[in-house]
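Colleague: Respectively, the protein sequence lines represent chains A and B. Terminal number for the first sequence in our numbering: 255, no gaps in between. Terminal number for the second sequence in our numbering: 255, no gaps in between. We treat Cβ as the ideally placed atom computed from N, Cα and C, and that holds for glycine. The structure displayed is predicted, hence computed values, not measured ones.
Protein chains: 2
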Amino acid sequence: MRDVRRPIGVFDSGVGGLTVLRALRERLPREDFLYFGDTARVPYGGKPLPMVRRFAWEIAGFLLREGVKAIVVACNTASSAALPDLAEDLSVPVFGVLEPAAEEARAHAKVGLIGTQATVGSGAYERHLDIAWKKACPLFVPLVEEGLWEDPVALLVARHYLEEAPKDLEALILGCTHYPFLKPVIGQVLPGVRLIDSAEATAKKVARVLEAEGLLNPEGRGRVVHYVTGDPEAYRALAQRLGEEVLEVRRVGLEEL
Amino acid sequence: MRDVRRPIGVFDSGVGGLTVLRALRERLPREDFLYFGDTARVPYGGKPLPMVRRFAWEIAGFLLREGVKAIVVACNTASSAALPDLAEDLSVPVFGVLEPAAEEARAHAKVGLIGTQATVGSGAYERHLDIAWKKACPLFVPLVEEGLWEDPVALLVARHYLEEAPKDLEALILGCTHYPFLKPVIGQVLPGVRLIDSAEATAKKVARVLEAEGLLNPEGRGRVVHYVTGDPEAYRALAQRLGEEVLEVRRVGLEEL
C-alpha cells in the first residue's frame, strides 16, 4: 500500500515528542499525523534498554496496523534503544531524533550534550560524533511539564547544570525532546553557543527523505490524532500546557499493542 | 505460619519508600525487612488508578510468597489505589502511609497537604480529614533524587510552591515519601507550621500494631533485602545518594510477579 495520503506516525514515551510533532507540522503542513504517547509507561529514561526496545516494537507495530507511511521515534531513549534495528526491519522509513541532531552538530569543533540520565549515560551520541562535554539534567523535564520554562527557577536550574560547561563550547545538542522549551534560558546561561534542537533537525530530515522518496501528501489537512496508553484527559491538559491543542485523543490499552 | 521472625515487606514504586524503611528501622531495630522498589514501572503518579491497584496486588502477592508477616505500602499513590481493599483481603496486617499521617494531622485546626499530582488530585486525604489548602509539587521528587535538597534551587522551588499557603496554616502533611528530605527547606519557607512526615507516622503505627498483635521479632538483626524490577545498580546508586546503603539487592522480572 503506497498511498501517500497515509499519515505519519510519531511516538514518544509521553508529551516530549510534541516538540517534534510541532516542528514536523510547521515543515510539512499538508501531512496528517498519528501521535502516540506511551503515557502509561512514561518515562522510558530509567528502564532497561531491552524493555524500551520491546515498547518501541510494540508501538511501531500498532502504528503500522493503523496504516502509517513513515515512523518518527520522537524520543531519545527509544531512538537509542530501537534504532537502527527498527529502520532495517520495517518496510516504511523510520527516523530517530539522535542522528539528525548529531549530523548538524558535526559541523562544529567542540560539541556538548545535555539530556536525561539514560540518554547521556547510553553513549549513543558518541557513536555519531565526538562529545567534548556532557551533562544529565533530570530536572529539566519536570520543569517543562510544570510550564515553568520562563520562570526564575528554570534559570537557576539551568545555571546549576551548565555552569561547568567548557567556555569554548561551540554547540550544545539538546538531547531530549522536552528541552526546546528551555532554549531561551539555556541561551542566557551559554550565550554564543549554538543550541541544536533535535526536533528541528529531525523534521528537516523527515521532509527531505519523504520528498526524495515521493511520499509527500499533496492533499492532507494537517490532522492529528493522538493515541495514549494512560489517561486521555491528563494528557490533553499536559499537552495544552505545552501549547498543543489536542482535538482528537484515543485511549489504547496496553493489551492492544 | 505465625512465625514472628518473618520479615516485614515494604514496597514503593521506587526509592521514595526508603524514608519509610528508615523510620521503621529506627523504631524497630530487631526486625528484618524486604524492600520492594518497582523501579521498572516508576512513577505510579501519572498512571490510571486501576493499573496501580493491579501493581499493588502483584507486589503484595510476591512479598507474601517470600514470607512476610506484614506489608507496608510505602507509597502514597499505591496507598490510595489499593487500600483499604488490600488490608481487608489479606491475612497479614497491611499499612498504608495515608491514614497514619491523617490521624496525626487531625489534631490541628487548619491542615495543608502537598504531594504529587496524583495524590493531591485523588482526594484520598479528604476521606480522612478536612484539607484547608493543597498543592501538587512535581519538582520535589526529582530535586530529592538529584540530591539537591539542601541546594539554593530547592529553596527557590519550595518558595514557588508554598508562597500561597494560608498564613494561619497549623500543619502541613508531607504527602509523598520523598518529601522528608525537604523538611529543612520547607520549614524555612513555612516557619511555625508543623510538618507531618508520613514516614514517621507510619512507622509509629506499624510498631504499635505489631506489638499489640504479638508480632514483634525478638531476635532479628535489622537485615534488609532489596528487590527491584529495574536495574539493580542504578537503584543502588540512587539509594546511596539518599543515604541508604544497599547491601543485598535482587532483580525481579515483571513476569515473576
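Find the nearest neighbour of B/Tyr33 within the set B/Ala58, B/Leu47, B/Lys45, judged by alpha-carbon distance.
Modeller: B/Ala58
Colleague: Determine which residues share a DSSP beta bridge with B/Asp10 and list them.
Modeller: B/Gly35
Colleague: Would you call B/Glu29 buried or exposed, if buried means 16 or more other Cβ atoms sit within 10 Å of its Cβ?
Modeller: buried
Colleague: If we ignore side chains and look at the alpha-carbon of each, how far apart do B/Val191 and B/Ser120 end up?
Modeller: 24 Å
Colleague: So A/Pro46 contacts chain B; which residues on that side make the cut at Cβ distance below 8 Å?
Modeller: Residues of chain B whose Cβ lies closer than 8 Å to the Cβ of A/Pro46 are, in chain order, Ala38, Gly228, Asp229.
Colleague: If we cut at 8 Å on Cβ distances, does A/Pro178 have a partner in chain B?
Modeller: no
Colleague: Check whether chain A comes within 8 Å of B/Glu144, counting only Cβ atoms and requiring the distance to be less than that.
Modeller: yes
Colleague: Measuring only from the beta carbon, is B/Leu111 closer than 7 Å to any heavy atom that is part of the ligand NAD?
Modeller: The ligand NAD is absent from the structure shown, which contains no ligands of any kind.
Colleague: Which stretch, first to last residue, makes up the alpha helix (DSSP H) that contains B/Arg28?
Modeller: Counting along the chain, B/Arg28 falls outside any alpha helix (DSSP H), and DSSP gives it neither H nor E.
Colleague: For A/Val155 and chain B, any beta-carbon pair shorter than 8 Å?
Modeller: Interface residue (Cβ-Cβ distance to chain B less than 8 Å): A/Val155 is classified as such.
Colleague: Closest to A/Val183 by C-alpha separation, out of A/Pro5, A/Trp147, A/Pro136, would be which residue?
Modeller: A/Trp147
Colleague: Between which residues of its own chain and B/Val142 is the CB-CB distance below 6 Å, once the five residues before and five after are set aside?
Modeller: His176, Phe179
Colleague: How would you list, in chain order, the residues of chain A whose beta-carbon sits under 7 Å from the beta-carbon of B/Ala232?
Modeller: Gly44
Colleague: Go ahead and label A/Glu242 buried or exposed: buried means 16 or more other beta carbons lie within 10 angstroms of its beta carbon, across all protein chains shown.
Modeller: buried
Colleague: What does DSSP give as the partner residue(s) for B/Val222 in the beta ladder?
Modeller: B/Phe31
Colleague: Taking only the alpha-carbon atoms, compute the straight-line gap between B/Leu245 and B/Val223 and give it to the nearest angstrom.
Modeller: 8 Å
Colleague: For chain A, find out if any of its Cβ atoms is closer than 8 Å to the Cβ of B/Val250; answer yes or no.
Modeller: For B/Val250, not one C-beta of chain A is nearer than 8 Å to its own C-beta.
Colleague: Check this for me: beta carbons of A/Val92 and A/Ala85, under 8 Å apart or not?
Modeller: Cβ atoms of A/Val92 and A/Ala85: closer than 8 Å.
Colleague: Which residue from B/Glu24, B/Pro46, B/Thr37 puts its Cα closest to that of B/Ala237?
Modeller: A check of alpha carbon separations from B/Ala237 across B/Glu24, B/Pro46, B/Thr37 identifies B/Thr37 as the nearest.
Colleague: Which residue's Cα is closest to the Cα of A/Ser78: A/Gly12, A/Ser89, A/Leu62, A/Pro46?
Modeller: A/Pro46
Colleague: Under 8 Å between the Cβ atoms of A/Ala76 and A/Trp55?
Modeller: no
Colleague: Between which two residues does the alpha helix (DSSP H) harbouring A/Ile129 extend?
Modeller: Neither: A/Ile129 is in no alpha helix (DSSP H) and is coded neither H nor E.
Colleague: Between A/Pro189 and chain B, is there a C-beta pair that is closer than 8 Å?
Modeller: no
Colleague: Closer than 7 Å, Cβ to Cβ, to anything on chain B: give me those residues from the region 156 to 167 of chain A, in chain order.
Modeller: His158
Colleague: Please return the same chain residues whose Cβ sits closer than 6 Å to the Cβ of B/Pro41, not counting the five positions on each side in sequence.
Modeller: Contacts found: Ser11.
Colleague: Exposed or buried, which one is B/Glu254 when buried takes at least 16 other CB atoms within 10 Å?
Modeller: exposed
Colleague: Report yes or no: is there a C-beta of chain B within less than 8 Å of the C-beta of A/Leu141?
Modeller: Yes, because at least one Cβ of chain B sits closer than 8 Å to the Cβ of A/Leu141.
Colleague: Tell me, please, which residues DSSP counts as bridged to A/Val90.
Modeller: As far as DSSP is concerned, A/Val90 takes part in no beta bridge.
Colleague: Which residues of chain A have a Cβ atom closer than 7 Å to the Cβ of B/Val151, listed in chain order?
Modeller: Leu154, Val155, His158
Colleague: Relative to the alpha-carbon of B/Pro82, which residue among B/Ala105, B/Ala122, B/Thr114 has its alpha-carbon at the smallest distance?
Modeller: B/Ala122
Colleague: Residue range of the beta strand (DSSP E) that B/Leu213 falls in?
Modeller: Per DSSP, B/Leu213 belongs to no beta strand (DSSP E) and is neither H nor E.
Colleague: Below 8 Å on C-beta distance, what does A/Pro136 contact in chain B?
Modeller: Within 8 Å Cβ-Cβ: Pro140, Glu143, Glu144.
Colleague: How would you call A/Glu198, buried or exposed, if buried means at least 16 neighbouring beta carbons within 10 angstroms?
Modeller: buried
Colleague: For B/Pro13 and A/Arg206, I'd like the C-alpha separation in whole angstroms.
Modeller: Residue 13 of chain B is actually Val in this sequence, not Pro. Distance between the alpha carbons of B/Val13 and A/Arg206: 45 Å.
Colleague: For B/Glu124, does the count of other Cβ atoms within 10 angstroms reach 16, so buried, or fall short, so exposed?
Modeller: exposed
Colleague: Roughly how many angstroms lie between the CA atoms of A/Thr114 and B/Arg25, to the nearest whole one?
Modeller: 37 Å
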